[in-house]
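A.B. asks: For reference, the structure I am asking about is given below.
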Amino acid sequence: MTDEHLMRQWAIAHSDFSSDLDRGLLRLGGFLSRRLQRLQTIDLPYDQTTCVAAESEAPMSATARAALAGVMACVATSALLVTVAALASAGAGHAAVIHHTMAAGPAIVPHAYLA
Numbered sequence: 838m839t840d841e842h843l844m845r846q847w848a849i850a851h852s853d854f855s856s857d858l859d860r861g862l863l864r865l866g867g868f869l870s871r872r873l874q875r876l877q878t879i880d881l882p883y884d885q886t887t888c889v890a891a892e893s894e895a896p897m898s899a900t901a902r903a904a905l906a907g908v909m910a911c912v913a914t915s916a917l918l919v920t921v922a923a924l925a926s927a928g929a930g931h932a933a934v935i936h937h938t939m940a941a942g943p944a945i946v947p948h949a950y951l952a
């Protein structure tokens with residue numbers, strides 16, 4: 838009975854969370870699409886007689902964008918792995934001290950027999 842009640846609560850909470858997440862992502866997507874549609878170049882930002890504008894660069898190809906995205910994903914993954922390794926090994930020296938302290942203490946029975 839309790840399991841059924843917990844499963845129903847979880848299902849309700851999960852559907853609420855999923856709908857809230859969908860709504861939030863749709864709002865974010867709508868905001869970004871409106872934002873990207875409004876991007877326009879400035880017509881004449883400088884007076885042509887006093888300033889020589891630099892030539893604009895050619896737009897990146899889809900292959901170059903995909904390669905750059907792959908490199909950035911590798912860099913981000915590597916940084917995450919280094920951070921996790923640093924956090925995991927931060928207390929390694931203390932574990933050895935605890936191990937020596939336990940070895941010097943009374944003997945610990947590795948298992949117990951239950952009657």
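Read in order, the letters of the sequence shown correspond to residues 838 to 952 in the working numbering. Here a beta-carbon is modelled for each residue, glycine too, at the ideal position from N, C-alpha and C.
What does the alpha-carbon distance come out to for the pair Asp857 and Leu917?
C.D. replies: Those two C-alpha atoms are separated by around 28 Å.
A.B. asks: Can you look up Ala933 in the DSSP assignment and give me helix, strand or coil?
C.D. replies: Confidence at Ala933 is low in this model, with a pLDDT of 49, below 50, so the placement of that residue should be treated as unreliable; the coordinate-derived value is given next. Three-state result, Ala933: helix.
A.B. asks: Could you have a look at Ser852 and say whether DSSP puts it in helix, strand or coil?
C.D. replies: Here Ser852 sits in helix by DSSP.
A.B. asks: Between the C-alpha atoms of Val934 and Val921, what's the straight-line distance to the nearest angstrom?
C.D. replies: Unreliable positioning characterises Val934 in this predicted model, as indicated by a pLDDT of 48, which lies under 50. The coordinate reading is nonetheless provided below. Taking the straight line joining both Cα atoms gives about 22 Å.
A.B. asks: Could you give the distance in angstroms between the alpha-carbon of Ala913 and the alpha-carbon of Met897?
C.D. replies: Roughly 22 Å separates the two Cα atoms.
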